[in-house]
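Reviewing the structure listed below.
Number of protein chains: 2
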Amino acid sequence: MDNSQRIVTIKDIAQELKLSVSTVSRALRDSAEIKLETKMLVKEVAARLHYTPNPIALSLKEKRSKIIGVIVPEIANNFSSNTIAGIEDIAYKKGYHVLIFQSHEKYEREKENVQLLVSRRIDGLIISLANETQCYDHLTDTIDKNIPLVMFDRVCHSINAHKVITNDYFGAYNGVEHLIQQGYHNIALITLPLNLSITQNRLNGYKDAMKKYNLPVRDEWIIHSPIDVVCSEMTIRRILESDNRPDAIFISAERLNIICIKVIKEMGLRIPEDIAIAGFSDNPITPYLAPALTSVKQPTFNVGQKAAELIIELIENNNTTTQYRTIQLDTALDIQASSRRRQ
Amino acid sequence: MDNSQRIVTIKDIAQELKLSVSTVSRALRDSAEIKLETKMLVKEVAARLHYTPNPIALSLKEKRSKIIGVIVPEIANNFSSNTIAGIEDIAYKKGYHVLIFQSHEKYEREKENVQLLVSRRIDGLIISLANETQCYDHLTDTIDKNIPLVMFDRVCHSINAHKVITNDYFGAYNGVEHLIQQGYHNIALITLPLNLSITQNRLNGYKDAMKKYNLPVRDEWIIHSPIDVVCSEMTIRRILESDNRPDAIFISAERLNIICIKVIKEMGLRIPEDIAIAGFSDNPITPYLAPALTSVKQPTFNVGQKAAELIIELIENNNTTTQYRTIQLDTALDIQASSRRRQ
DNA sequence: CTCGTTGCCGGGAACGTTTGCGTTGATGTA
DNA sequence: TACATCAACGCAAACGTTCCCGGCAACGAG
């Protein structure tokens, strides 16, 4: 037996009141063509029957879905989940809903996700690029289809779109400068693959800080750690086992912090006596690590909010804009014991 | 000038080949009524024009959306983002997409979210209850509407639905027993408000462990911390400042760990010499905290996977099931220095 | 009295897709 | 020859909604 209540439509209201569907539709939208009395009757019945408009029918007709698509490399990390929360915050307030996909750092998966979202007729796309992505045709395609696009964090400068990033350059610059001022001069950099925009900016920040203090930038101390965890561990271990070990490491990605600390502890090295560290991290728990981790904090929630604001602005202005902007939000350096002054 | 490529439909293919839309539709779905030659022609043109079926039109007709709605209290925490990742993992493989909402622990917001998702014609709903929620009419409503429902983590036993939970009782029991065996006998419990299912189970685990070792269960040492952070700090501080301070705290919620550690450090107490702690946490960084935190680990990703499997099973069996199941996944105790044996 | 105006409402197409049923021409059978 | 059969395709309704295009009274102006 199927006791499921049928979902009530405009037609049901029309039947109940012996009106036409068009009249009911107009009454619900407060059209001037409908007299007050009828409007009130319609709204009364609509409320009584618990009528809710069917957004799918609307989407089909209006060719818009009130849905914003979001693609991130992984949901389950601090940066992503916080930006998603920021996106959802703004989207919800403006009547949009959020469809979330993961690229798992794979180009093919990212491309497939974009196509799926486009075929879902999303009103706009917010994306942070996968590590693997080098070709951007799937993005230019969506632009050609006149679907608004906003990139955040891992962006691509050759694409014409709004971008929301944090000041990765200064984040790294300040972090490295801090290490230098604390007396550490042999500073290694552990970072993600070079093709990511954030990697490049942070690398430049590192280099410029070193140069400003006339310290040599040594290629062998710039490690582009792969995405794979085991490989990451090995590369970090290798540099720590080398003859002329650095006296500090600047860690340019949240994910690498825990790996780095793990390796250092396994090797029996002390932080910061044997090796000082500082790194990008949005984990609020960094002050309670052993030792407390000096970290570059990014305004992750704000990044999401800003991206959502931009995409909604584009959507509601029919994707017309005079100029594409790159919004850059400031980072903050949280100084803790892991970079304590060298004796 | 609007140079946006129109999105190609079945009609475009039909026109190009001078066929009817129904023939094209059937050809694309490999109907036996269409001769091979026509099928190949149609598919060729479809590929050339980059045809992608419009799921919105399908949803309208078939009254299903291939979308699973998910409501969590907050996206931006370890438990939620990991379960969401698990849900997305399974959903993606089965051709479903995931629409995510946050209740922000508010009943009204949760209710509103449910209605929004229902009006979106989601095929199924996965939910973890808000802290505030005491009335479940919004859930029984969706059940009456024949929309499949799966609850996870914070469930409600009076609702007829599949549930996926972790073994909160034994998680707490084992954690507390561990503290006892390490020599701590005056153990306080800090936990969330009592109306949550997880709180009740963990509280029972705490009580039973204490009773097993003939230790008194003192009401003033069972603290139901409010959701608000400042209040949480105050309640924790109060118990630590009392004359007969406990010698250990079992922390029954991830969110409370960092608050607890913060207060303890601010008061100048040592862990575990002055007070030992152990708590629920899915943060992989717990071994690197100062001191390393003994923690109950939950299989968050698996919870999400299981919830998604169940909801899809319900969806594809037209929401018919012989019996509603409660799947309980095991927790694991990760023993670290914060509960080191008492001297 | 006639005609234009206005207020209120209904009919029906359209959005993209599927599907039951009808149609057509060709072939086979009695 | 007449009729059934069958392959291959077209027509049209339906999903829920909006909106253009009418229609039809009532009413005022001439």
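Chains W and R, in that order, are what the protein sequence lines are. For what it's worth, our numbering labels the leading residue of the first sequence as 4, then goes sequentially. For what it's worth, our numbering labels the leading residue of the second sequence as 4, then goes sequentially. Yeah, the Cβ is synthetic: ideal placement off N, Cα and C, and Gly gets one too.
Q.
Just to confirm the assignment: which complete alpha helix (DSSP H) runs, minimum length 4, are found wholly within the segment 188 to 255 of chain R?
A. 200 to 215, 232 to 244
Q.
Cutting at 6 Å between CB atoms, please list the residues of its own chain near residue 100 of chain W, excluding the five before and the five after it.
A. For the purposes of this step, residue 100 of chain W is taken as the residue at position 97 of the first sequence. Contacts found: 70.
Q: Could you pull out every unbroken beta strand (DSSP E) segment of at least 3 residues lying fully inside the segment 269 to 299 of chain R, listed in chain order?
A: 279 to 283
Q. Helix, strand or coil for residue 158 of chain W per DSSP?
A. Locating residue 158 of chain W in the first sequence gives position 155, where the first residue counts as 1. In the structure shown, residue 158 of chain W sits in coil (DSSP, three-state: anything other than H, G, I, E or B).
Q: Tell me the start and end of each unbroken alpha helix (DSSP H) in the segment 19 to 67 of chain R that is at least 4 residues and wholly inside, in chain order.
A: 24 to 31, 39 to 51, 58 to 65
Q | Proximity test, Cβ basis, 8 Å: residue 60 of chain W and chain R | A | Position 57 of the first sequence holds residue 60 of chain W. It does: the Cβ of residue 60 of chain W has a partner Cβ on chain R nearer than 8 Å.
Q. Quick one: Cα of residue 112 of chain W to Cα of residue 106 of chain W, how far?
A. Your numbering for residue 112 of chain W matches position 109 in the first sequence. Your numbering for residue 106 of chain W matches position 103 in the first sequence. Roughly 5 Å separates the two Cα atoms.
Q) Mind pulling the beta strand (DSSP E) runs of 3 or more residues that sit fully within the segment 106 to 134 of chain R? A) 127 to 130
**Q.** Three-state secondary structure (DSSP) of residue 72 of chain R
**A.** Looking up residue 72 of chain R in the second sequence gives position 69. Looking at residue 72 of chain R - three-state DSSP - the assignment turns out to be strand.
Q.
Let's test the definition: count the other Cβ atoms within 10 Å of the Cβ of residue 233 of chain W and tell me whether it reaches 16, buried, or not, exposed.
A. On the first sequence, residue 233 of chain W is found 230 positions in, with the first residue counted as 1. Under this definition residue 233 of chain W is an exposed residue.
Q. How about residue 189 of chain W and residue 331 of chain W: do their beta carbons lie closer than 8 Å?
A. Here the question's residue 189 of chain W lines up with position 186 in the first sequence. Here the question's residue 331 of chain W lines up with position 328 in the first sequence. Not in contact: residue 189 of chain W and residue 331 of chain W (Cβ atoms no closer than 8 Å).
Q) By Cβ distance, which residues of its chain are closer than 7 Å to residue 230 of chain W, with the 5 residues on each side in sequence left out? A) Position 227 of the first sequence, counting from 1, holds the residue named residue 230 of chain W. For residue 230 of chain W, where only same-chain residues beyond five positions count, the Cβ hits under 7 Å are 108, 134.
Q. Expressed to the nearest angstrom, what Euclidean distance is found between the alpha-carbon atoms of residue 63 of chain W and residue 12 of chain W?
A. Here residue 63 of chain W is taken as the residue at index 60 of the first sequence, counted from 1. Here residue 12 of chain W is taken as the residue at index 9 of the first sequence, counted from 1. Going from the Cα of residue 63 of chain W to the Cα of residue 12 of chain W covers about 16 Å.
Q.
Using beta carbons (cut-off 8 Å, strictly below), is residue 23 of chain W in contact with chain R?
A. Residue mapping note: residue 23 of chain W aligns to position 20 of the first sequence, counting from 1. Chain R, which has no Cβ nearer than 8 Å to the Cβ of residue 23 of chain W, makes this no.
Q: Report buried or exposed for residue 123 of chain R, applying the criterion of at least 16 other Cβ atoms within 10 angstroms of its Cβ.
A: As a first step, residue 123 of chain R must be located in the second sequence, where it is residue number 120. By the neighbour-count rule (16 or more Cβ atoms within 10 Å), residue 123 of chain R is buried.
Q. Given that a residue counts as buried once 16 or more other Cβ atoms are within 10 Å of its Cβ, and exposed if not, what is residue 138 of chain R?
A. Sequence index remark: in the second sequence, residue 138 of chain R carries index 135 (1-based). Residue 138 of chain R comes out exposed.
Q: Using a cut-off of 9 Å between C-beta atoms, extract the partners of residue 292 of chain W located in chain R.
A: Within the first sequence, the letter at position 289 stands for residue 292 of chain W. In chain order: 288, 291, 292, 293.
Q: Kindly list the residues whose CB is nearer than 7 Å to the CB of residue 212 of chain W, restricted to its own chain and excluding five residues on each side of it in sequence; keep chain order.
A: For the purposes of this step, residue 212 of chain W is identified with residue 209 of the first sequence, where counting begins at 1. Around residue 212 of chain W: 176, 179, 180, 183.
Q. Whole-angstrom Cβ separation of residue 255 of chain W and residue 168 of chain W, contact assumed at under 8 Å?
A. For the purposes of this step, residue 255 of chain W is identified with residue 252 of the first sequence, where counting begins at 1. For the purposes of this step, residue 168 of chain W is identified with residue 165 of the first sequence, where counting begins at 1. At roughly 14 Å, the Cβ-Cβ gap does not stay under 8 Å, so residue 255 of chain W and residue 168 of chain W are not in contact.
(Q) Any beta carbon of chain W sitting closer than 8 Å to that of residue 63 of chain R? (A) Looking up residue 63 of chain R in the second sequence gives position 60. With 8 Å as the cut-off, residue 63 of chain R counts as an interface residue toward chain W.
Q: Examine the Cβ distances between the segment 151 to 166 of chain R and the segment 299 to 316 of chain R and report whether three or more of them are shorter than 8 Å.
A: yes
Q) Going along the chain, which residues of its own chain have a beta-carbon closer than 8 Å to the beta-carbon of residue 162 of chain R, five neighbours each way excluded? A) Position 159 of the second sequence, counting from 1, holds the residue named residue 162 of chain R. Excluding positions up to five away in sequence, the list reads 139, 142, 143, 146, 152, 154.
Q.
Alpha carbons only, please: which of R:222, R:285, R:204 is nearest the one belonging to residue 301 of chain R?
A. Start at 1 with the first residue of the second sequence, and residue 301 of chain R comes out as number 298. Checking every option, the nearest Cα to that of residue 301 of chain R belongs to R:285.
Q) Can you tell me where the alpha helix (DSSP H) with residue 86 of chain W in it begins and where it stops? A) Residue mapping note: residue 86 of chain W aligns to position 83 of the first sequence, counting from 1. Run containing residue 86 of chain W: 81 to 96, per the alpha helix (DSSP H) assignment.
Q. Does residue 243 of chain R have its Cβ less than 8 Å from a Cβ in chain W?
A. As a working note, residue 243 of chain R is residue 240 in the second sequence. Closer than 8 Å: no.
Q: Say whether chain R places a C-beta atom closer than 8 Å to the C-beta of residue 10 of chain W.
A: Within the first sequence, the letter at position 7 stands for residue 10 of chain W. Yes - at least one Cβ of chain R is within 8 Å of the one on residue 10 of chain W.
(Q) Checking the sheet assignment: what are the DSSP bridge partners for residue 335 of chain W? (A) Counting from 1 along the first sequence, the entry for residue 335 of chain W is found at position 332. Beta-bridge pairing links residue 335 of chain W to W:300.
Q. Nearest chain R C-beta to residue 75 of chain W closer than 8 Å, yes or no?
A. Here residue 75 of chain W is taken as the residue at index 72 of the first sequence, counted from 1. Answer no: the Cβ-Cβ gap between residue 75 of chain W and chain R never drops below 8 Å.
Q: Compute the beta-carbon to beta-carbon distance between residue 318 of chain R and residue 127 of chain R, rounded to the nearest angstrom, for a pair I have assumed lies under 8 Å.
A: Mapped onto the second sequence, residue 318 of chain R falls at position 315. Mapped onto the second sequence, residue 127 of chain R falls at position 124. Indeed they touch by this definition, with Cβ atoms about 5 Å apart.
Q. Is the distance from the Cβ of residue 259 of chain R to the Cβ of residue 235 of chain R below 8 Å?
A. Working through the second sequence from its first residue, we reach residue 259 of chain R at position 256. Working through the second sequence from its first residue, we reach residue 235 of chain R at position 232. In this structure, residue 235 of chain R lies closer than 8 Å to residue 259 of chain R by Cβ.
Q: Could you name the residues of the same chain whose beta carbon sits closer than 6 Å to that of residue 102 of chain R, not counting the 5 residues immediately before and after it, in chain order?
A: Position 99 of the second sequence, counted from the start, is the residue given in the question as residue 102 of chain R. Closer than 6 Å at the Cβ level, and outside the excluded window around residue 102 of chain R, lie 70, 72.
Q: Could you give the DSSP three-state label for residue 16 of chain W: helix, strand or coil?
A: Walking along the first sequence from the start, residue 16 of chain W turns up at place 13. The answer is helix: DSSP assigns residue 16 of chain W an H, G or I state.
Q.
What does the Cβ neighbour count give for residue 344 of chain W, buried or exposed, with the cut at 16 atoms within 10 Å?
A. Within the first sequence, numbered from 1, the residue matching residue 344 of chain W stands at position 341. Exposed, by the Cβ-count rule.
Q) Do you know how far the Cα of residue 32 of chain W is from the Cα of residue 36 of chain R? A) Reading the second sequence from its first residue, position 33 is the one you call residue 36 of chain R. Reading the first sequence from its first residue, position 29 is the one you call residue 32 of chain W. Distance between the alpha carbons of residue 36 of chain R and residue 32 of chain W: 45 Å.
Q | Contacts of residue 102 of chain R in chain W (Cβ-Cβ under 9 Å) | A | The count along the second sequence starts at 1 and reaches residue 102 of chain R at position 99. The answer, in chain order, is 70, 100, 101, 102, 103.
Q) If you draw a straight line from the C-alpha of residue 174 of chain W to the C-alpha of residue 129 of chain R, how long is it? A) As a working mapping, residue 174 of chain W is identified with position 171 in the first sequence. As a working mapping, residue 129 of chain R is identified with position 126 in the second sequence. Spanning the two alpha carbons is a distance of roughly 39 Å.
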